[in-house]
Amino acid sequence: MDNTLIIGLTLVVYKSLLLFIGWFSRKQTTSVENYYLGGKQIGPLITAISYSASNSSAWTLLGVSGIAYKFGLSTIWLVIGVIVGMFFNWLIVAPTLFRMTRSKDLITIPQFLVNEYQEKEKKPILLLSSIIIIFSFAFYIASQFQGAGNAFQNTFNWDIVQSIALSAIVIFAYTYMGGYLAVSITDTIQGFLMGFTALIMPLVALMKLGGPGVLIDS
Numbered sequence: 054m055d056n057t058l059i060i061g062l063t064l065v066v067y068k069s070l071l072l073f074i075g076w077f078s079r080k081q082t083t084s085v086e087n088y089y090l091g092g093k094q095i096g097p098l099i100t101a102i103s104y105s106a107s108n109s110s111a112w113t114l115l116g117v118s119g120i121a122y123k124f125g126l127s128t129i130w131l132v133i134g135v136i137v138g139m140f141f142n143w144l145i146v147a148p149t150l151f152r153m154t155r156s157k158d159l160i161t162i163p164q165f166l167v168n169e170y171q172e173k174e175k176k177p178i179l180l181l182s183s184i185i186i187i188f189s190f191a192f193y194i195a196s197q198f199q200g201a202g203n204a205f206q207n208t209f210n211w212d213i214v215q216s217i218a219l220s221a222i223v224i225f226a227y228t229y230m231g232g233y234l235a236v237s238i239t240d241t242i243q244g245f246l247m248g249f250t251a252l253i254m255p256l257v258a259l260m261k262l263g264g265p266g267v268l269i270d271s
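Next up, the structure:
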């Protein structure tokens, strides 16, 4: 069987699984809090893997790999910076944010930012913070769609716009149906796949090229 056909069938099954997770999670989503936060019942394992998969997705597997190929071992400083930032978030920012949002029953970051302000001061801060978050994430999300589109384009020789559109439709569908619960479950699955790929690919590269020295020189 042709490799392209095998990859295509695998992707169809995988995308169908993502949509099923969205549909299944929709049954568990009974309130606004459930939709945005998964009812605050998602455990630490899924949260950690989901966070890592979201934070280290296409830009890590595709972007950082390209940077490492171009600049060599100096790229390790980028990895160190990311790891330090993650530990800072998990050990300092996250526990404080969790305690404060849980005690005050807050759902979003803009709500957290305006919590201590008077009612008349809240609206402009809510608006400005929401705009900043949407503006910032627009670039990040665009890069993720670009990575997904490139994967489809290189594998199937599809048009880049069609490739990005297909990825966006599937992601929007399961997110819209299942909210944060669906996103967490799908991210966890993708996190395991990314981890497996990140472990296997360097070994394959070493075997193909003939050792660490040749890989670094390349």
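Per our numbering, residue 54 is the first one in the sequence shown, and the count goes up by one each step.
C-beta atoms are modelled at their ideal positions from N, C-alpha and C, and glycine is treated no differently.
Since the model is a prediction, treat every value here as computed from it, not as a measurement.
Hey, could you find the ends of the alpha helix (DSSP H) residue i is sitting in?
{"i": "T113", "result": "It is not in any alpha helix (DSSP H) - T113 carries neither H nor E in the DSSP assignment."}
{"i": "T82", "result": "No alpha helix (DSSP H) contains T82, which DSSP labels as neither H nor E."}
{"i": "S216", "result": "I213 to L262"}
{"i": "Q156", "result": "Sequence inspection shows Ser at residue 156; the Gln mentioned does not correspond to that position. First-last of the alpha helix (DSSP H) with S156: A147 to K157."}
{"i": "T100", "result": "P97 to N108"}
{"i": "L144", "result": "Looking at the DSSP string, L144 is not in any alpha helix (DSSP H), and its letter there is neither H nor E."}
{"i": "G175", "result": "In the sequence on display, residue 175 carries Lys and not Gly. Residues E172 to F209."}
{"i": "L166", "result": "I162 to V167"}
With distances taken Cα to Cα, identify the nearest neighbour of residue i among the options.
{"i": "A106", "options": "Y67, G244, T83 and A251", "result": "G244"}
{"i": "L98", "options": "V85, L246, G116 and T241", "result": "T241"}
{"i": "I136", "options": "M247, I222, G119 and N108", "result": "N108"}
{"i": "E86", "options": "L150, G61, G75 and T161", "result": "T161"}
{"i": "Y104", "options": "T239, A251 and L262", "result": "T239"}
{"i": "P163", "options": "R152, F140 and K176", "result": "K176"}
{"i": "W76", "options": "G61, G138 and F225", "result": "F225"}
{"i": "A221", "options": "T208, L246, A195 and N207", "result": "A195"}
{"i": "A251", "options": "T57, T100, A111 and R155", "result": "A111"}
When burial is assigned at 16 or more other CB atoms within 10 Å of the CB, is residue i buried or exposed?
{"i": "F205", "result": "buried"}
{"i": "L71", "result": "buried"}
{"i": "V236", "result": "buried"}
{"i": "V257", "result": "exposed"}
{"i": "T63", "result": "exposed"}
{"i": "M254", "result": "exposed"}
{"i": "S69", "result": "exposed"}
{"i": "I178", "result": "exposed"}
{"i": "Y227", "result": "buried"}
{"i": "T83", "result": "exposed"}
{"i": "V132", "result": "exposed"}
{"i": "V223", "result": "buried"}
{"i": "M247", "result": "buried"}
{"i": "I59", "result": "exposed"}
Residues in the same chain with beta-carbon distance under 7 Å from residue i, minus the five sequence neighbours each way, listed in chain order, please.
{"i": "K157", "result": "N168"}
{"i": "I74", "result": "Y227, G231, A235, I238 and T239"}
{"i": "F192", "result": "none"}
With a threshold of 6 Å on Cβ separation, who are the neighbours of residue i within its own chain once the five nearest residues in sequence on each side are excluded?
{"i": "S182", "result": "P163 and L166"}
{"i": "V66", "result": "none"}
Using C-beta distances below 8 Å, list every residue in its chain close to residue i, excluding the 5 sequence neighbours before and after it, in chain order.
{"i": "I186", "result": "I162 and P163"}
{"i": "E174", "result": "V167"}
{"i": "I102", "result": "D240, T241, G244 and F245"}
{"i": "R155", "result": "K93"}
{"i": "Y170", "result": "I178"}
_Does the structure place the segment 226 to 244 close enough to the segment 77 to 93 that three or more beta carbon pairs sit under 8 Å?_
The segment 77 to 93 vs the segment 226 to 244: in contact.
*Is it a yes or a no for the segment 111 to 118 touching the segment 188 to 202, going by three-plus beta-carbon pairs under 8 Å?*
Touching, yes.
_So, does the segment 205 to 218 touch the segment 125 to 135, judging by three or more C-beta pairs under 8 Å?_
Fewer than three beta-carbon pairs drawn from the segment 205 to 218 and the segment 125 to 135 are found closer than 8 Å, and the two stretches are therefore not classed as touching.
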